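Trainee: Chains A and B, in that order, are what the protein sequence lines are.
Its first residue numbered 193, the first sequence is counted upward by one per residue in the working numbering.
Its first residue numbered 193, the second sequence is counted upward by one per residue in the working numbering.
Below you'll find the structure I mean.
There are 2 protein chains.
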Amino acid sequence: MTIAKTEMYTSNQKEIALFAKVFGHPARVTILQHLFEIDACVCGDLVNEVGLAQPTISQHLKELKHLGLIKGKVEGTSVCYCIDKENWSKMKDVMLPFLNLDITK
Amino acid sequence: MTIAKTEMYTSNQKEIALFAKVFGHPARVTILQHLFEIDACVCGDLVNEVGLAQPTISQHLKELKHLGLIKGKVEGTSVCYCIDKENWSKMKDVMLPFLNLDITK
DNA sequence: TTTATTAATCGTAACATTGCTATTAAACAA
DNA sequence: TTGTTTAATAGCAATGTTACGATTAATAAA
Numbered sequence: 193m194t195i196a197k198t199e200m201y202t203s204n205q206k207e208i209a210l211f212a213k214v215f216g217h218p219a220r221v222t223i224l225q226h227l228f229e230i231d232a233c234v235c236g237d238l239v240n241e242v243g244l245a246q247p248t249i250s251q252h253l254k255e256l257k258h259l260g261l262i263k264g265k266v267e268g269t270s271v272c273y274c275i276d277k278e279n280w281s282k283m284k285d286v287m288l289p290f291l292n293l294d295i296t297k
Numbered sequence: 193m194t195i196a197k198t199e200m201y202t203s204n205q206k207e208i209a210l211f212a213k214v215f216g217h218p219a220r221v222t223i224l225q226h227l228f229e230i231d232a233c234v235c236g237d238l239v240n241e242v243g244l245a246q247p248t249i250s251q252h253l254k255e256l257k258h259l260g261l262i263k264g265k266v267e268g269t270s271v272c273y274c275i276d277k278e279n280w281s282k283m284k285d286v287m288l289p290f291l292n293l294d295i296t297k
């Protein structure tokens with residue numbers, strides 16, 4: 193939000209928007225799909241997979257990590273990333289009721 | 193995307209990102225929740241409900257309409273907006289498999 | 001120790017988003 | 001017709017996002 197009018201929304205509305213925002217870029221969607229596909233993955237593989245420069249991938253990974261959707265484990269000079277299944281599930285607890293408003297209302 | 197690298201993603205990845213992006217602002221989340229709540233609503237009511245200026249709401253409505261998630265019917269000087277249930281369902285066909293990757297993979 | 005490898009961070013340019021005021025357009029009412 | 005109401009559009013300022021090259025940091029290998 194450009195102008196801070198965050199007090200006008202419920203925490204649920206803000207949470208939905210935050211999760212949605214991080215899914216709102218195809219590079220991050222691709223990263224997440226790939227992490228589900230191969231279970232765990234070092235940063236360098238994602239650079240090749242997605243096709244963006246290494247600092248750009250690092251930046252996207254940072255955002256995903258910040259929301260708790262992925263976690264990274266240092267292994268030597270590499271960092272191995274994977275989905276945080278528990279937090280992914282918590283994300284769904286927020287997002288699914290919103291997407292399912294058409295059947296619950 | 194700032195630099196057009198859209199050819200590097202699948203249409204599924206781009207579609208997910210587009211839907212997510214429109215959910216990535218709490219004002220639009222609020223508008224959609226409200227439309228589900230009361231079924232149909234004139235623009236002016238949404239201005240009061242959300243608490244942003246009328247042109248700002250119009251802009252958010254335009255984005256939601258552009259993705260097909262809502263539709264507006266002119267009624268005199270007012271415009272009555274409602275959820276496009278059919279397209280909402282199509283959106284879910286795209287988004288749910290992504291959110292459910294944790295149980296399908 | 002020196003060199004190589006890998007990823008994070010810094011700094012910055014290009015671009016996109018948000019929100020507003022002012023204005024316009026369209027329909028109705030007097 | 002003239003005025004009123006309602007929403008869309010235009011234009012703009014402030015802010016946020018994205019992507020990259022250059023650099024740094026940390027670990028491993030020679």
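We put the beta carbon where it would ideally sit given N, CA and C, even for glycine.
Computed from a predicted model, the values in this text were never measured in an experiment.
If you drop the 5 nearest sequence neighbours on each side, which residues of the same chain put their C-beta closer than 7 Å to that of residue 231 (chain B)?
Mentor: By 1-based counting over the second sequence, the position of residue 231 (chain B) is 39. Closer than 7 Å at the Cβ level, and outside the excluded window around residue 231 (chain B), lie 274.
Trainee: Cα separation between residue 283 (chain A) and residue 236 (chain A)?
Mentor: In the first sequence, the residue the question calls residue 283 (chain A) occupies position 91. In the first sequence, the residue the question calls residue 236 (chain A) occupies position 44. Whole-angstrom Cα-Cα distance: 26 Å.
Trainee: Identify the residues that DSSP records as bridge partners of residue 235 (chain B): which are they?
Mentor: Here residue 235 (chain B) corresponds to residue number 43 of the second sequence, with the count starting at 1. DSSP lists no partner for residue 235 (chain B).
Trainee: Please identify the residue among A:256, A:200, A:199 and A:204 whose C-alpha is closest to the C-alpha of residue 280 (chain A).
Mentor: Against the first sequence, residue 280 (chain A) aligns to sequence position 88. Closest by alpha carbon: A:256.
Trainee: Give me the residue from A:200, A:289 and A:259 with the minimum Cα distance to residue 244 (chain B).
Mentor: The count along the second sequence starts at 1 and reaches residue 244 (chain B) at position 52. Nearest option by C-alpha distance: A:200.
Trainee: Given that residue 208 (chain A) touches chain B, what residues does it touch there, using C-beta distances under 8 Å?
Mentor: Counting from 1 along the first sequence, the entry for residue 208 (chain A) is found at position 16. Residues of chain B passing the Cβ test: 215, 218 and 221.
Trainee: I'd like the list of long-range same chain contacts for residue 149 (chain B), defined as Cβ closer than 6 Å, with 5 residues on each side in sequence excluded.
Mentor: No statement about residue 149 (chain B) is possible, as the shown extent of chain B runs from 193 to 297 and does not include it.
Trainee: Under 6 Å Cβ to Cβ from residue 263 (chain A), same chain only, skipping five residues before and after it: list those, please.
Mentor: Taking the first residue of the first sequence as 1, we reach residue 263 (chain A) at position 71. Excluding residues within five positions, the ones whose Cβ falls inside 6 Å are 276.
Trainee: Does the beta carbon of residue 250 (chain B) come closer than 8 Å to any beta carbon on chain A?
Mentor: Counted from its first residue, the second sequence places residue 250 (chain B) at position 58. It does not: the Cβ of residue 250 (chain B) has no partner Cβ on chain A nearer than 8 Å.
Trainee: Determine, using beta carbons only, whether residue 281 (chain B) comes closer than 8 Å to chain A.
Mentor: Start at 1 with the first residue of the second sequence, and residue 281 (chain B) comes out as number 89. Taking Cβ atoms only, chain A reaches closer than 8 Å to residue 281 (chain B), which makes this a yes.
Trainee: Within its chain, find whatever has a CB closer than 8 Å to the CB of residue 270 (chain A); leave out the 5 residues flanking it on each side and keep chain order.
Mentor: Here the question's residue 270 (chain A) lines up with position 78 in the first sequence. If we look at residue 270 (chain A) and ignore the five residues flanking it on each side, its Cβ neighbours are 234, 235 and 236.
Trainee: Across which residues does DSSP place residue 264 (chain B) in a beta bridge pair?
Mentor: Start at 1 with the first residue of the second sequence, and residue 264 (chain B) comes out as number 72. Paired residue(s): B:273.
Trainee: According to the Cβ coordinates, are residue 221 (chain A) and residue 209 (chain B) closer than 8 Å?
Mentor: Translated into the one-based positions of the first sequence, residue 221 (chain A) becomes position 29. Translated into the one-based positions of the second sequence, residue 209 (chain B) becomes position 17. Yes, the Cβ-Cβ distance between residue 221 (chain A) and residue 209 (chain B) is below 8 Å.
Trainee: Check residue 292 (chain A) in the structure and name its three-state DSSP category.
Mentor: Counting from one through the first sequence, the residue named residue 292 (chain A) turns up at place 100. Residue 292 (chain A): coil per DSSP, three-state reduction.
Trainee: Could you give the C-beta distance for residue 214 (chain A) and residue 288 (chain A), rounded to a whole number, given that I count them as a contact under 8 Å?
Mentor: Here residue 214 (chain A) is taken as the residue at index 22 of the first sequence, counted from 1. Here residue 288 (chain A) is taken as the residue at index 96 of the first sequence, counted from 1. Going by Cβ atoms, the distance from residue 214 (chain A) to residue 288 (chain A) rounds to 16 Å, so no, they are not a contact pair.
Trainee: Taking C-beta to C-beta, are residue 223 (chain B) and residue 242 (chain B) nearer than 8 Å?
Mentor: Here residue 223 (chain B) is taken as the residue at index 31 of the second sequence, counted from 1. Here residue 242 (chain B) is taken as the residue at index 50 of the second sequence, counted from 1. It is a contact, given that the beta carbons lie within the stated cut-off.
Trainee: Output yes or no for whether 8 Å exceeds the beta carbon distance between residue 293 (chain A) and residue 228 (chain B).
Mentor: The count along the first sequence starts at 1 and reaches residue 293 (chain A) at position 101. The count along the second sequence starts at 1 and reaches residue 228 (chain B) at position 36. For residue 293 (chain A) and residue 228 (chain B), yes; Cβs fall inside 8 Å.
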